[in-house]
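In what follows, a single structure is set out as structure tokens and then discussed.
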Amino acid sequence: MGCDGGDLLRCRAIAMSAGGTMDGLDLLIADHNRVRGLFARFRQAHEDEDTPAMGELAGKIFGELEVHTAIEEEIFYPAVHDLSDELAEMVDEGVQEHHLVDVLIAEARALAPGDAEWVAKVTVLIENVEHHAQEEETELFPPVRSATDTATREDWGTRSEAMKAQRGAPTSADAAELTTEELRQRARDQQIPGRSTMTREDLIATVDPR
Ligand SMILES: [Fe+2]
Ligand SMILES: [Fe+2]
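Just so we're aligned, residue 300 is where the sequence shown starts under this note's numbering, counting upward by one.
This is the structure:
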């Protein structure tokens, strides 16, 4: 699969992911949207009383959140902490919100999927993360974007991709191996919000290629 086949979009996307030039804030937003798709599917499985599906989706949600919060706490939050007192306060709160999610994940894992207490814990976890991700996107990321240059954010993106690879999570380089049609199909199956207006690059950043 070379870049001489004339598929310019595909080659640009491969160069982007292979070259690690993805914007770190865009990567975090893509993670949020992928997990929002999992939340929608979990809610549907709950409505359908499909316990095996709920268990499988919860496992995926926990795995996604563990990688995402590690990226934020090890790469993104420490860098943002130094930008201003106000931003430092926001990331300090973010760490505590992550901690609550860690506790709910650990407690849910000790229960049987489908058990009423398990459902309650996963539901509260989803509500907390939805609120947290929304707050990050509306109150934290815009001032951080204004206060940083592209090279800084691309450095976060490169390090975030490396952390995903290190933890065995799929990277955008993995997703870039799919055709655009395959990416669109997965985005539909994964109920990724906003998928209809996503470019190939957005899809590569957002879709779970597995
Ligand atoms: Fe977060
Ligand atoms: Fe986040």
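Where a beta carbon is used, it is the ideal one built from N, C-alpha and C, also for glycine.
Item to complete: Run the CB neighbour count on His430, radius 10 Å, all protein chains shown included, and call it buried at 16 or more, exposed below.
Response: exposed
Fill in: Residues whose Cβ lies closer than 7 Å to any heavy atom of ligand 4, in chain order
In the structure on display, ligand 4 does not appear, and the ligands it does have are ligand 1 and ligand 2.
Practice prompt. Could you tell me whether the segment 334-346 touches the segment 391-411, using the rule of 3 or more Cβ pairs below 8 Å?
Written response: no
Fill in: Residue environment, Gly323, which counts as buried when at least 16 other CB atoms sit within 10 Å
buried
Worksheet item: Taking the continuous alpha helix (DSSP H) assigned at Gln465, which residues delimit it?
Response: Thr449 to Gln465
Worksheet item: Which value, in whole angstroms, describes the spacing of the CA atoms of Arg444 and Met321?
Response: 14 Å
Worksheet item: With distances taken between CB atoms, is the gap from Leu382 to Ala504 smaller than 8 Å?
Response: no
Practice prompt. Identify whether Gly336 lies in helix, strand or coil by the three-state DSSP scheme.
Written response: helix
Fill in: 7 Å CB neighbourhood of Leu356 in its chain, flanking five on each side removed
Leu337, Arg340, Phe341 and Ala344
Practice prompt. Specify, as a first and last residue, the run of the alpha helix (DSSP H) that Gly493 falls within.
Written response: Unbroken run through Gly493: none, as it is neither H nor E.
Discussion item. For Asp414, tell me which candidate among Asp349, Ala461 and Ser459 has the shortest Cα-Cα distance.
Written reply: Asp349
Discussion item. Out of Gly354, Val366, Asp488 and Val379, which one is the CA nearest neighbour of Thr451?
Written reply: Val379
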